[in-house]
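In full-length UniProt numbering, the protein residues as written are 1 to 329.
We put the CB at the ideal spot given by N, CA and C, even for glycine.
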């Protein structure tokens, strides 16, 4: 074997850094990317981070402008449905933001922590009329995700063509029910999931698109709240500890309407004073056409007029897909 070669190491005096390393560290790689690549990167970033890039360089500002001009789906909460949208918005700033997105079709995460009911002259605030004005400035808007009771009611009133995306659930539910917690649902409202907790509701009308309806601590204020109830696409119906009419006959349209929902899979009624034997008769009339046959979960609890035969008929009709059943005295 020959002698081992000595390794030669270059010693840097006075902590000097090679020029190649310095040039690599100071090189701005972001500004070297094309606008198309930057717009593709923005698709994976939260909107708040994208807007912060406007002030970093001229090229990034141009890329942000291009991205907002063509974006169609926007999430103000970065996919975190339990959070609130960024604070600091006013009517003017929110309108300016949405005007930069003329092609937006779906707006998710519209969960403001607080909204003024009306505008005040000379005072910059975030109000329901201001949000509606900004939404109406988007000509291609198809759907909005929100959890604000008054805002969703205003959207139904002034923008009935707009769908309520995702799962609508009010975040201010409480018991006793606060007087400001109220919601009027129009006939044919474009919504698929409605989860209400601690809300005053006049009635539940005909909503063909509705698939999931959850009601807890809901006060039904009209004498006949289920007069026009018909939700043919319903898959889940939960009514727990709600206050409504005490007359058992007022719940006949509710049970017949549920029988019309051929895809109903989950039925849960707690403290619903429907007429004893009503479910038996409705099942006898509707089972041939598919009423209650696809149920896999049945829960009846504290329904004071309910009879054993009501639960028995439901279980027999849904025996093919039945997975869970519960009856509470």
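ask   = For the segment 191-206 against the segment 118-136, are there 3 or more C-beta pairs whose distance is under 8 Å?
value = no
inquiry  = On the DSSP letters alone, give me the boundaries of the beta strand (DSSP E) that residue 164 sits inside.
reply    = 163-169
ask   = Would residue 106 pass as a contact of residue 70 if the rule is Cβ separation under 8 Å?
value = no
ask   = Between the beta-carbon of residue 211 and the beta-carbon of residue 234, is there less than 8 Å?
value = yes
message = Can you find the residues in the same chain that come closer than 8 Å, C-beta to C-beta, to residue 313, ignoring five residues on each side of it along the sequence?
response = 279, 280, 283 and 284
request  = Kindly indicate the opening and closing residues of the beta strand (DSSP E) around residue 234.
outcome  = Residue 234 -> no beta strand (DSSP E), and no H or E assigned at all.
key: residue 35 versus residue 76 - alpha carbon distance   = 23 Å
query = Who are the near neighbours of residue 182 in its chain, counting only those whose CB is closer than 8 Å to its CB and skipping five residues on each side?
reply = 149, 199, 200 and 201
query = Can you give the Cα-Cα distance for residue 39 and residue 55, rounded to whole angstroms?
reply = 16 Å
ask   = Cα separation between residue 45 and residue 84?
value = 17 Å
request  = Could you name each continuous alpha helix (DSSP H) segment of 4 residues or more that falls completely within the UniProt domain "F-box" (32-65), going from the start of the chain to the end?
outcome  = 35-42 and 47-52
query = Distance, Cα to Cα, residue 86 vs residue 65?
reply = 20 Å
ask   = Any idea which residues DSSP pairs residue 120 with across the strands?
value = 123
message = According to DSSP, is residue 67 part of a helix, a strand, or is it coil?
response = helix
task = Quick one: give me the first and last residue of the alpha helix (DSSP H) that residue 296 is part of.
result = Where residue 296 is concerned, there is no enclosing alpha helix (DSSP H), given that its DSSP letter is neither H nor E.
message = How far does the alpha helix (DSSP H) with residue 281 in it extend, from its first residue to its last?
response = 278-286
query = On the premise that residue 165 lies in contact with residue 134, defined as a C-beta separation below 8 Å, what is that separation, rounded to the nearest angstrom?
reply = Actually they do not touch by this definition, with Cβ atoms about 17 Å apart.
query = Near residue 78, which residues of its chain fall below 8 Å by C-beta distance, leaving aside the five closest residues on each side in sequence?
reply = 46, 47, 48 and 109
query = Pick from 263, 270 and 226: whose alpha carbon is nearest that of residue 254?
reply = 226
ask   = When the Cα atoms are used, what is the spatial distance from residue 232 to residue 291?
value = 11 Å
C-beta atoms of residue 188 and residue 230 nearer than 8 Å = no
key: Rounded C-alpha distance that separates residue 306 from residue 259   = 17 Å
ask   = Near residue 171, which residues of its chain fall below 7 Å by C-beta distance, leaving aside the five closest residues on each side in sequence?
value = 147
Residue 317, buried or exposed, once every other Cβ within 10 Å from all chains shown has been counted against 16 = buried
key: Secondary structure of residue 303, DSSP reduced to three states   = coil
query = Hey, residue 299 and residue 268: beta-carbon distance below 8 Å or not?
reply = yes
query = Grouping DSSP H, G and I as helix and E and B as strand, with all else coil, what is residue 84?
reply = coil
task = Take residue 286 and list the residues in its own chain whose beta-carbon comes closer than 6 Å to its own, dropping the five residues that flank it on each side.
result = 259
Buried versus exposed, by CB contacts within 10 Å (16 or more), residue 111 = buried
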